[in-house]
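Residue numbers for the sequence shown follow numbering that gives the first Met the number 0, so the first one is 0 and each next one is one higher. Heads up, the beta-carbon is just placed ideally off N, CA and C, and yes, glycines get one too.
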Amino acid sequence: MGQVMTNPKERSLRMKSLFASADPEVLSKHDVASPDEQEKRRIGSAAVKSMDRAFVSIEEENKRLHDQLLAAESIIELDPDRIVPSFVNDRLDIEGNETFRAFVDGIKDAGQKLPILVRPIAGKPGHYQAAYGHRRLRACQVLKRPVKAIVREMTDEELVVSQGIENSERLNLSFIEQAFFALKLKERRYSRELISDALGRKEGQRLAYISILTNTAALIPEDLIRLIGPAPSVGRPKWEKLGSLINNRSLSSSQKQAIADVKASSAWLEAGSDQRFALVMQTLDQSSKDTQDSFEVVVGDGIIVLAKRTETTTRFSIPDNRLPGLSDWLLQRLPELVEEFDQSRKGSLG
0 MGQVMTNPKE RSLRMKSLFA SADPEVLSKH DVASPDEQEK RRIGSAAVKS MDRAFVSIEE
60 ENKRLHDQLL AAESIIELDP DRIVPSFVND RLDIEGNETF RAFVDGIKDA GQKLPILVRP
120 IAGKPGHYQA AYGHRRLRAC QVLKRPVKAI VREMTDEELV VSQGIENSER LNLSFIEQAF
180 FALKLKERRY SRELISDALG RKEGQRLAYI SILTNTAALI PEDLIRLIGP APSVGRPKWE
240 KLGSLINNRS LSSSQKQAIA DVKASSAWLE AGSDQRFALV MQTLDQSSKD TQDSFEVVVG
300 DGIIVLAKRT ETTTRFSIPD NRLPGLSDWL LQRLPELVEE FDQSRKGSLG
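Written as structure tokens, this is what we have:
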């Protein structure tokens, strides 16, 4: 191996000796390019570097797009009339909600910003079932425009858990909507853990809360819950109180009549969901107080005649639509009945 030079002066002398026999003119011709040539070389070098960078950028972009396509699901437009709601809907009343009209106007003006999630319906090509986004779906149906959607194959369990993902993000389901949704899932024999996931609840004591939801909803008839609607300002205590006024999740005949009367009132027609709850609560509370002084008489074919008694009077309520003509007949026979009553009373005293 040759000796390594460490002295700078020695290295300089050695380099000079290498070119000692070379003609300086020849060297200058080869080493020093003209200004034009230098500019051409500079431009050429820059172009090559720029092209290299462009190819690298294109490759990186292609890879990014490829990865994105592999990871993402496509958003497509579907006919909203070919989409049915989830088999357990978490919304009690979409169109009856006070904010729905504004929601529709927002989609009309600004378009649908977020897609809904659907799954194909087996055996019905081109038809789908919504997992979430029911308000967006209904708005597009009202506006008669295609709905933007992500299509995904899902089991029933995956569908209700997907609903929970949106629920956990929007956090605006009312208490009774959560309770009714939880009860419907329980009736389908889903576990409390899955119901909790479907409601997007991750905090502690979540399973105990699911029991509170289902127990409260189980106190109140389904048709009455739907009649009232979501009642966004009404919480658990008031719903539990309403449930305490109802026996075995079934309204009595007198309660049904009282609800029918209030439903036909002008106050009901002008009321929002919270106000409807207040009207129902007031009606059933009053009916419950009246029940102590009222009773039902079952006549032929299971027809019920309601009697209400106060300290001074007793009133009979005859369903004329079920027993047409009975009221008139009783009024005509009333003098004879009173006489018969007097005779029987005298006989019992004698």
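Item to complete: Quick one: measure Cβ to Cβ for residue 111 and residue 141, integer angstroms, because I've assumed they're closer than 8 Å.
Response: As a working note, residue 111 is residue 112 in the sequence shown. As a working note, residue 141 is residue 142 in the sequence shown. With 8 Å as the limit, residue 111 and residue 141 do not qualify as a contact, their Cβ atoms being about 12 Å apart.
Worksheet item: What did DSSP end up calling residue 294 once you bin it into helix, strand or coil?
Response: For the purposes of this step, residue 294 is identified with residue 295 of the sequence shown, where counting begins at 1. In the structure shown, residue 294 sits in a strand (DSSP, three-state: E or B).
Discussion item. By DSSP's criteria, residue 128 is part of a beta bridge. Which residues make up the other side?
Written reply: Residue mapping note: residue 128 aligns to position 129 of the sequence shown, counting from 1. Paired residue(s): 83, 118.
Item to complete: Check whether the stretch 72-80 touches the stretch 173-180, taking contact to mean three or more Cβ pairs, one atom from each stretch, closer than 8 Å.
Response: No contact exists between the stretch 72-80 and the stretch 173-180.
Practice prompt. Return yes when the Cβ of residue 213 is within less than 9 Å of the Cβ of residue 235, no when it is not.
Written response: By one-based count along the sequence shown, residue 235 stands at place 236. By one-based count along the sequence shown, residue 213 stands at place 214. For residue 235 and residue 213, no; Cβs fall outside 9 Å.
Item to complete: Can you have a look at residue 179 and say buried or exposed, based on whether 16 or more other CB atoms are within 10 angstroms of its CB?
Response: Against the sequence shown, residue 179 aligns to sequence position 180. With at least 16 other beta carbons inside 10 angstroms of its own, residue 179 counts as buried.
Item to complete: Look at the Cβ atom of residue 297, then the Cβ atom of residue 315, and state whether they are nearer than 9 Å.
Response: In the sequence shown, residue 297 corresponds to position 298, counting from 1. In the sequence shown, residue 315 corresponds to position 316, counting from 1. Going by C-beta atoms, residue 297 is not nearer than 9 Å to residue 315.
Fill in: Counterpart residues of residue 249 in DSSP-defined beta bridges
Your numbering for residue 249 matches position 250 in the sequence shown. 246, per the DSSP bridge assignment.
Worksheet item: Taking the alpha-carbon positions, what's the residue 241 to residue 227 distance?
Response: Reading the sequence shown from its first residue, position 242 is the one you call residue 241. Reading the sequence shown from its first residue, position 228 is the one you call residue 227. Each residue's Cα considered, the two are about 12 Å apart.
Practice prompt. Apply the 10 Å Cβ neighbour rule to residue 122 and answer buried if 16 or more other Cβ atoms are within range, or exposed otherwise.
Written response: Taking the sequence shown and counting its residues from 1, one reaches residue 122 at position 123. The residue in question, residue 122, is exposed, as its Cβ has fewer than 16 Cβ neighbours within 10 Å.
Discussion item. On the criterion of 16 or more Cβ atoms from any shown chain inside 10 Å, does residue 195 qualify as buried, or is it exposed?
Written reply: Here residue 195 refers to the residue found at position 196 when the sequence shown is read from its first residue. Residue 195 is buried by the Cβ-count criterion.
Discussion item. Taking the straight line between their C-alpha atoms, what separation do you get for residue 254 and residue 329?
Written reply: Looking up residue 254 in the sequence shown gives position 255. Looking up residue 329 in the sequence shown gives position 330. If I take the Cα positions, the gap works out to 25 Å.
Discussion item. Give me the residue from 138, 132, 219 with the minimum Cα distance to residue 158.
Written reply: As a first step, residue 158 is located in the sequence shown; it is residue number 159 there, counting from the start. Ranked by Cα distance from residue 158, the options 138, 132, 219 are led by 132.
Practice prompt. Would you kindly report the start and end of the unbroken alpha helix (DSSP H) that includes residue 185?
Written response: Here residue 185 refers to the residue found at position 186 when the sequence shown is read from its first residue. Segment 174-186, the alpha helix (DSSP H) holding residue 185.
Practice prompt. For my contact list, residue 282 and residue 257 are in at a C-beta cut-off of 8 Å; report their separation, rounded to the angstrom.
Written response: Start at 1 with the first residue of the sequence shown, and residue 282 comes out as number 283. Start at 1 with the first residue of the sequence shown, and residue 257 comes out as number 258. Rounded, the Cβ-Cβ distance is 5 Å, consistent with contact.
Worksheet entry | DSSP bridge partner residues for residue 91 (one or two, in chain order) | The residue you call residue 91 lines up with position 92 of the sequence shown. Looking at the DSSP assignment, residue 91 forms no beta bridge with any residue, so it has no partner.
Discussion item. So, for residue 220: in the same chain, excluding its five sequence neighbours on each side, which residues have a beta-carbon less than 8 Å away from its beta-carbon?
Written reply: Your numbering for residue 220 matches position 221 in the sequence shown. If the five residues before and after residue 220 are omitted, its C-beta is found closer than 8 Å to the C-beta atoms of 245, 248, 249, 250, all from its own chain and listed in chain order.
Discussion item. Using CA atoms only, rank isn't needed, just tell me which of 308, 186, 336, 301 is closest to residue 321.
Written reply: In the sequence shown, the residue the question calls residue 321 occupies position 322. It is 301 whose Cα lies nearest to the Cα of residue 321.
Worksheet entry | Nearest to residue 210 (by Cα), restricted to the options 225, 192, 222, 199 | Here residue 210 refers to the residue found at position 211 of the sequence shown. The shortest Cα separation from residue 210 among 225, 192, 222, 199 belongs to 192.
Discussion item. Please report the straight-line C-alpha distance between residue 332 and residue 262, rounded to a whole angstrom.
Written reply: Within the sequence shown, the letter at position 333 stands for residue 332. Within the sequence shown, the letter at position 263 stands for residue 262. Going by the C-alpha atoms only, they are around 35 Å apart.
Fill in: Integer-rounded CB distance, given that residue 230 should sit under 8 Å from residue 260
The residue labelled residue 260 in the question sits at position 261 within the sequence shown. The residue labelled residue 230 in the question sits at position 231 within the sequence shown. Contact doesn't hold; Cβ gap of about 20 Å is too wide.
Worksheet item: Candidates 324, 139, 276: which alpha carbon is nearest residue 81's?
Response: On the sequence shown, residue 81 is found 82 positions in, with the first residue counted as 1. The shortest Cα separation from residue 81 among 324, 139, 276 belongs to 139.
Worksheet item: Among residues of its own chain, excluding the 5 on either side of residue 224, which ones have a beta-carbon nearer than 8 Å to its beta-carbon?
Response: Along the sequence shown, one-based indexing puts residue 224 at 225. Hits under 8 Å: 91, 175, 179, 216.
Worksheet entry | Sequence-distant residues of its chain with Cβ nearer than 7 Å to residue 26 (five each side left out) | Residue mapping note: residue 26 aligns to position 27 of the sequence shown, counting from 1. At residue 26 the pLDDT is 46, less than 50, meaning the model places this residue with poor confidence; the figure from the coordinates comes in the next sentence. Counting only Cβ-Cβ distances below 7 Å, and skipping sequence neighbours, we find nothing.
Worksheet item: To which residues does DSSP link residue 77 through a beta bridge?
Response: Position 78 of the sequence shown, counted from the first residue, corresponds to residue 77. Its beta-bridge partners are 146.
Fill in: Among 181, 277, 308, nearest to residue 200 - alpha-carbon criterion
If you number the sequence shown from 1, residue 200 lands on position 201. Looking at the Cα atoms, 181 is the closest of the given residues.
Discussion item. Here's a check: name, in chain order, each residue in its chain whose Cβ is nearer than 8 Å to the Cβ of residue 233, leaving out the five neighbours to either side.
Written reply: Locating residue 233 in the sequence shown gives position 234, where the first residue counts as 1. So the list reads 173, 174, 175, 273, 276, once near-sequence residues are dropped.
Discussion item. Cutting at 7 Å between CB atoms, please list the residues of its own chain near residue 107, excluding the five before and the five after it.
Written reply: To locate residue 107, count along the sequence shown from 1; it is residue 108. Excluding residues within five positions, the ones whose Cβ falls inside 7 Å are 142.
Worksheet entry | Where the alpha helix (DSSP H) through residue 154 begins and ends | Along the sequence shown, read from residue 1 onward, the residue named residue 154 stands at position 155. Residue 154 -> no alpha helix (DSSP H), and no H or E assigned at all.
Fill in: Alpha-carbon spacing of residue 269 relative to residue 341, whole angstroms
Numbered from its first residue, the sequence shown carries residue 269 at position 270. Numbered from its first residue, the sequence shown carries residue 341 at position 342. So the two alpha carbons sit approximately 51 Å from each other.
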